[in-house]
């Protein structure tokens, strides 16, 4: 029984003595791609996510309404042929608003993740490369930041410094870089003992260039995995803030804002909650499945 | 172990200091003040208020004042609710928030451990896939979506539970469920993973080989090792519950600490907001300490030195 479980957990492992003639070696990345595309949940998620992105980006060009256009004859109207998702309490078409909200939510997800990526990778690689006292101090700072109630600081930031979208990127990026810094530091620690780094060092390459040209590109695998798992977290954070009325502001909208509107109009207009909630949940599902898929593909031990 | 606990408590002081400092200057350096309401107060009254709250002193002096007060356990008066001190507001709110949060954590532990163990024992069966799919759903769907959806189905369509309000037991059901669901999901996923690993270890095989009843093998031997990752997750879980309670209390109109925080932030009630941040910061630190000590008690391999 134990044997069975072990082999079930590693379906892609080559069977020893299976007799398949090895024609040519496969690179790590080619192997990873193959494993990723065998993962049905990940592939289905990629298709669905692709559709959602396509609809949100291109859809508004094909809908004959404006995002802030008010239909005076249709306040909180249920879904109909004219308004697929119904209208909201101000008589605006919900379909176009969900698409626009999607644009904002997805954009926040991407940009804030990039912000956290830049901070985390730079910080982690620096700490790991220099090591010693510098590493101690830098990682102690990360440890301390870990134990702060960060959500509360983000809320303070949004309330007291105005609610513009740039601040959302910065605030969320500033929260999410800690894990990235730890991962990159760990990678760097093992990388810097390798011969090619030593060679670069002996060749007189500056520390900055070693980090930039040799360390960072080699930490890419785990970073990509962690990045795909950060995007849904970030979208969630943005929606959380917007839900409290502290994130994206009118006339812009996001899924969090729409869900918040839907929650307040729950008893009269359930469609105002259901449509944006479905879009948000589907996107988060897909991103999580894709992230898990990439992780399993790059690191089959973890399955 | 006592010296370890004391050292950890001392180690928390710089972190707390950092929390107070960042929060204080963030709140104070921001544009706008507590008296910037639509209806301006007469100049003399505002001057009196400013004098009473030391708002005219240099910022550094105010900061030192505040630090001294916090060390003595006094968060000062609320700027908005004139008859209450921040301590009153936080304790009143916490009595309520702690009930919801405590129930959510307890439920998450009991149900999460049960579901996770079940899934691990029947690995790759329909029950396993069911639990894992449900867990994925619980993790993915945020609580501010789950809460209105639950309200819609259970409160409005079926009319089983009240939609909002506070005071009776039935008012607690929806908030606790909405708050606890993601945690149940995390705990059951973690339990499943660690239980599967433990069940493959030699000492479990030995226990089975010597004919121990399955129930005792699982509950007494396997569970003790499998529960360890869950115990260390309790720290982040508490932080998650605290953050989640901000939204949940807002949705269901519960007068807890989280609601005070959001209202206080919107009203620019400096002292209340600062007080909540410091209070919850201290609580999270304390919780992490308890978790670490608990971990040491459960895992004899851990030594404090």
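Protein chains in written order, with the working numbering: chain Y, 37 to 339; chain D, 4 to 308.
Every residue, glycine too, gets a C-beta built ideally from N, C-alpha and C.
Can you check DSSP and say which residues form a bridge with residue 195 of chain D?
-> Answer is none; residue 195 of chain D lacks a bridge partner.
Give the single residue among Y:333, Y:135, Y:322 and Y:141 whose Cα lies nearest to the Cα of residue 82 of chain Y.
-> Y:322
State yes or no: is the beta carbon of residue 175 of chain D nearer than 7 Å to at least one beta carbon in chain Y?
-> no
Chain D partners of residue 187 of chain Y, CB-CB under 9 Å?
-> 242, 245, 246 and 249
Can you check the stretch 301–334 of chain Y for any alpha helix (DSSP H) of at least 4 residues that lies completely inside it and give the ranges in chain order?
-> 307–334
Are there three or more Cβ pairs, one per stretch, closer than 8 Å when the stretch 287–305 of chain D is compared with the stretch 13–24 of chain D?
-> yes
Under 7 Å between the Cβ atoms of residue 298 of chain Y and residue 280 of chain Y?
-> no
Contact list for residue 324 of chain Y against chain D, beta-carbon separation under 9 Å | 139, 142 and 143
Please determine if the stretch 142–154 of chain Y and the stretch 200–209 of chain Y are in contact, where contact requires at least 3 C-beta pairs separated by less than 8 Å.
-> yes
Let me know the secondary structure DSSP gives residue 287 of chain Y once reduced to three states.
-> coil
C-beta atoms of residue 191 of chain D and residue 119 of chain D nearer than 7 Å = yes
When the Cα of residue 113 of chain D is compared with those of D:268, D:262 and D:233, which residue comes out closest?
-> D:233
Is residue 172 of chain Y buried or exposed, if buried means 16 or more other CB atoms sit within 10 Å of its CB?
-> exposed
Under 7 Å between C-beta atoms, does residue 18 of chain D make it to chain Y?
-> yes
Using DSSP with H/G/I as helix, E/B as strand and the rest coil, what is residue 106 of chain Y?
-> strand
Per DSSP, residue 123 of chain Y is paired with what?
-> Y:129
Minimum length 3: unbroken beta strand (DSSP E) runs contained in the stretch 140–224 of chain Y = none
DSSP beta-bridge partners for residue 80 of chain D?
-> D:88
Skipping 5 residues on each side, what residues in its chain have a beta carbon closer than 6 Å to that of residue 252 of chain D?
-> 259, 261 and 262
Taking the alpha-carbon positions, what's the residue 302 of chain D to residue 236 of chain D distance?
-> 15 Å
Excluding the five sequence neighbours on either side, which residues of its own chain have a C-beta within less than 7 Å of the C-beta of residue 93 of chain Y, listed in chain order?
-> 139
What is the DSSP secondary structure of residue 299 of chain D, reduced to helix, strand or coil?
-> helix
Of all Cβ atoms in chain Y, is any one closer than 7 Å to the Cβ of residue 27 of chain D?
-> no
Would you grab the beta carbon distance between residue 277 of chain D and residue 26 of chain D for me? Rounded to a whole angstrom, and I think it's under 8 Å.
-> 5 Å
Are the beta-carbon atoms belonging to residue 161 of chain Y and residue 246 of chain Y less than 7 Å from one another?
-> no
When DSSP labels each residue in this structure, what does residue 262 of chain D get in the three-state scheme?
-> helix
Relative to chain D, which residues along the stretch 194–215 of chain Y have a C-beta separation below 9 Å, given in chain order?
-> 194, 195, 196, 197 and 198
Counting along the chain, where does the alpha helix (DSSP H) carrying residue 59 of chain D start and finish?
-> Where residue 59 of chain D is concerned, there is no enclosing alpha helix (DSSP H), given that its DSSP letter is neither H nor E.
Nearest residue (CA-CA) to residue 115 of chain Y, options Y:104, Y:105 and Y:127 | Y:127
Assign residue 76 of chain Y to one of three DSSP states: helix, strand, or coil.
-> helix
Please classify residue 277 of chain D: does DSSP put it in a helix, a strand, or coil?
-> helix
For the stretch 160–247 of chain D, which segments carrying the alpha helix (DSSP H) assignment without a break, of at least 4 residues, lie completely within its bounds, in sequence order?
-> 172–202, 205–212 and 226–229
Determine the direct distance from the alpha carbon of residue 238 of chain D to that of residue 234 of chain Y, and round the result to whole angstroms.
-> 41 Å
Enclosing alpha helix (DSSP H) for residue 141 of chain D [first to last residue] | 129–143
Could you tell me which chain D residues have their CB closer than 9 Å to the CB of residue 153 of chain Y, listed as they occur along the chain?
-> Going along chain D, no residue has its Cβ under 9 Å from residue 153 of chain Y, so there is no contact; the nearest lies around 22 Å.
What distance in whole Å lies between the Cβ atoms of residue 283 of chain Y and residue 204 of chain Y, which are believed to be in contact at a cut-off of 8 Å?
-> 6 Å
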